[in-house]
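Right, one structure below, let's go through it.
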Amino acid sequence: MKTLKTILITAILGIISQSNPVNAQDYLQLLDPIFISMESESSIISKSYMKFNDEIIATENFRFNNAIRQAEDEDDELFNSTDEASLNIKKADYLRILRKAANRNETVDGFVNTLSQELPELSTELQDTGDTNALFTFTRSNTINGKLEAVGSNLSWL
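Counted the way our numbering counts, the sequence shown spans residues 429 to 586.
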């Protein structure tokens, strides 16, 4: 009787340990997004990414800290997909990367290089768009180094 219990317990534990329950997160990683539209997938996704850049530039009283805090509360993501690569990034993380790239570079080329290193999925789009210059100018003016440069240029008459 003891051996039968031992065999049954061992068999049950073996079956349980061999079974691999699949979580919903595992399914989400396997599934691609489905778009119901006449447009191609990459144009839909890249429009949301470019639209967010346009929203940043159009904001009059933009502050990175407030925007990052608001993006963390909303927990939204940016999507970008091309034939070569796709990108899912939270808005708060994207704003942090933008601020870091603008703070560390004084030129548009350095800005693009830093963004390309941080987000290699966007490297081709960053170099192809004319909006990158406007994005750099705007984000640089809203970082601490950009503000210090503006103060320095205003005090250059001293």
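Beta carbons: idealized from backbone N, C-alpha and C, even for Gly.
Residue nearest to residue i in terms of C-alpha spacing, selected from the options
| i | options | result |
| --- | --- | --- |
| Phe507 | Ile437, Lys479, Glu577 | Lys479 |
| Leu550 | Ser581, Ile517, Leu441, Ala495 | Ile517 |
| Tyr497 | Pro548, Thr567, Asp521, Thr535 | The sequence given here has Arg at residue 497, not Tyr. The shortest C-alpha separation from Arg497 is found at Asp521. |
| Leu515 | Asn570, Gly538, Thr434, Glu546 | Glu546 |
| Pro548 | Ile525, Ile440, Asp503 | Ile525 |
| Val536 | Leu563, Lys430, Ala495 | Leu563 |
| Asp488 | Ile435, Thr567, Glu500 | A small fix is needed here, since residue 488 is Glu in this sequence, not Asp. Of the listed residues, the one whose Cα sits closest to Glu488 is Thr567. |
Secondary structure of residue i, DSSP reduced to three states
| i | result |
| --- | --- |
| Glu505 | strand |
| Leu515 | strand |
| Gly558 | coil |
| Asn587 | Nothing in the structure corresponds to residue 587, since the chain is present only between 429 and 586. |
| Glu534 | coil |
| Gly580 | helix |
| Leu547 | coil |
| Arg497 | helix |
| Arg491 | coil |
| Ser468 | In this prediction, Ser468 scores a pLDDT of 49, lower than 50, which makes its location untrustworthy; no coordinate-derived value is stated. |
| Ser569 | helix |
Residue i CB to nearest heavy atom of the ligand MG below 7 angstroms
| i | result |
| --- | --- |
| Lys433 | This structure simply doesn't include the ligand MG, nor any ligand for that matter. |
Cβ distance (whole Å) where residue i is taken to contact residue j below 8 angstroms
| i | j | result |
| --- | --- | --- |
| Asn561 | Asn531 | That belief does not hold up - the Cβ atoms of Asn561 and Asn531 are roughly 17 angstroms apart, past 8 angstroms. |
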